Amino acid sequence: MVAFLSGAGVLLAAVCRTPINVKVIGVSTSAFTVEWTERTTGKGICSATYTVVAATNSGLSPIVSSATLVDASSANNKIASVTVGGLLPNTIYWAAVSSASTGPFSALPRPSSSTLSLPPDSPVFGIVWLSSAAMSWTVPSGGARGYRLQASTANFSGGIVFSSATNNGNLTSLRVLSLSPNTTYFFRVGSLNWNNLPNFAATMSTSALANLPSSVAFGGVFASSVSMSWALPVGGAKGFRIDASTVGNFSGILYSSVTASASAVSLVVQSLTPNTAYFFRAGSLNSNNRV
Numbered sequence: 301m302v303a304f305l306s307g308a309g310v311l312l313a314a315v316c317r318t319p320i321n322v323k324v325i326g327v328s329t330s331a332f333t334v335e336w337t338e339r340t341t342g343k344g345i346c347s348a349t350y351t352v353v354a355a356t357n358s359g360l361s362p363i364v365s366s367a368t369l370v371d372a373s374s375a376n377n378k379i380a381s382v383t384v385g386g387l388l389p390n391t392i393y394w395a396a397v398s399s400a401s402t403g404p405f406s407a408l409p410r411p412s413s414s415t416l417s418l419p420p421d422s423p424v425f426g427i428v429w430l431s432s433a434a435m436s437w438t439v440p441s442g443g444a445r446g447y448r449l450q451a452s453t454a455n456f457s458g459g460i461v462f463s464s465a466t467n468n469g470n471l472t473s474l475r476v477l478s479l480s481p482n483t484t485y486f487f488r489v490g491s492l493n494w495n496n497l498p499n500f501a502a503t504m505s506t507s508a509l510a511n512l513p514s515s516v517a518f519g520g521v522f523a524s525s526v527s528m529s530w531a532l533p534v535g536g537a538k539g540f541r542i543d544a545s546t547v548g549n550f551s552g553i554l555y556s557s558v559t560a561s562a563s564a565v566s567l568v569v570q571s572l573t574p575n576t577a578y579f580f581r582a583g584s585l586n587s588n589n590r591v
């Protein structure tokens, strides 16, 4: 007969090798790794064959996957582990480890853990503002308990990480707040499993918008050109652009002038039609050349 056990320091029978302190130490979307301590209870060298099983309930019925480990060493209190594969994403599994014994199944709870969810599908940026940015995605196969969106100026290798999360597995967008204008951030969105562990999609980057130029004013107005001036915005900018249009919502033909100089404080729009009323606007360019 085979005996399964789990939990800390539980022995079912005095056998040559007994696994104790069983725990799950790592998970992926399709597998988890189970670790235990080998307790030698016999004398001399005794080889042990361990079987690790996984099931979607604590009664271990039915067993959905298993793996074996053969250990011929005689060391006591040795740490052993094995990975069980063939599991579904975002699913809670119970694990147990067995060695040859005459005892019954342990009645004690067995360690459980959730496999990772698949990463969110097709993440894209939504609206990016001065101090916030949104991302959206589609729900991955197998679903998720929730999602986490993070932003970092250091590509998550240090510094402050700005975060937003939800436990709604059907939500497909999140927004990160408190960003700095005209600053490039790296973003990643991850699906949360039932243990709130994230599985992130590929990192993407974008820049928050620059603050608007201040104290915008007209300079020289001529028959076919108009100049505008401004003061540099707080937080700076990569450059500036001014537009002119005969339509107030700027849906018609645009006459534009652009500079990549972060220190520029004036531009001139050319090729205007004499004796014609125009609407003007001035904007700051961020690191992605977005106004």
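For what it's worth, the working numbering labels the leading residue of the sequence shown as 301, then goes sequentially.
The beta-carbon is built from N, C-alpha and C at its ideal position, and this holds for glycine as well.
Owing to the predicted nature of the structure, the values given are computational and were not obtained by experimental measurement.
- Note that the C-beta distance between N586 and A523 is not below 7 Å.
- As computed with DSSP, G446 is found in a beta bridge with L492.
- Within the DSSP secondary-structure output, S365 pairs in a beta bridge with A354.
- Taking the Cβ atoms as the reference, R445 lies roughly 5 Å from G469, within the contact range of under 8 Å.
- Contact between A501 and P423 holds: CB atoms are separated by about 5 Å, below the 8 Å threshold.
- Counting only residues of its own chain and dropping the five nearest sequence neighbours on each side, S432 has a CB closer than 7 Å to the CB of R475, V476, L477, L479.
- By the neighbour-count definition (other C-beta atoms within 10 Å, threshold 16), V568 is an exposed residue.
- Shown here for P481: same chain residues with a beta carbon closer than 7 Å to its own, the five before and five after excluded, namely L430, S431, A508, L509, A510, N511, G535 in chain order.
- Residues of the same chain with a CB within less than 7 Å of the CB of V558, apart from the 5 flanking positions on each side, are G539, R541 in chain order.
- Taking the Cα positions, V565 is about 14 Å away from R581.
- If only complete runs of 3 or more residues are kept, the region 485 to 567 shows the beta strand (DSSP E) at 498 to 500, 504 to 507, 514 to 521, 526 to 531, 539 to 545, 555 to 559, in order along the chain.
- DSSP lists E338 as the beta-bridge partner residues of P319.
- The Cβ atoms of T383 and T333 lie closer than 7 Å to each other.
- Taking the C-beta atoms as reference points, N495 is found nearer than 7 Å to S414.
- If you draw a straight line from the Cα of G519 to the Cα of T573, it is about 18 Å long.
- C-alpha of A537 to C-alpha of S330: approximately 46 Å in a straight line.
- DSSP, read as helix, strand or coil, puts L471 in coil.
- Ranked by how close their Cα comes to the Cα of S529, the residues V428, F456, S563, T503 have S563 in first place.
- Cα atoms of P498 and P420: separation of roughly 10 Å, rounded to the nearest angstrom.
- Between V397 and the set V428, A355, G442, F425, the nearest pair of CA atoms involves A355.
- The three-state reading of DSSP puts S457 in coil, since its state is none of H, G, I, E or B.
- Take L388, set aside five residues on each side of it, and the residues of its chain with a beta-carbon closer than 8 Å to its own are S330, T415, G442, in chain order.
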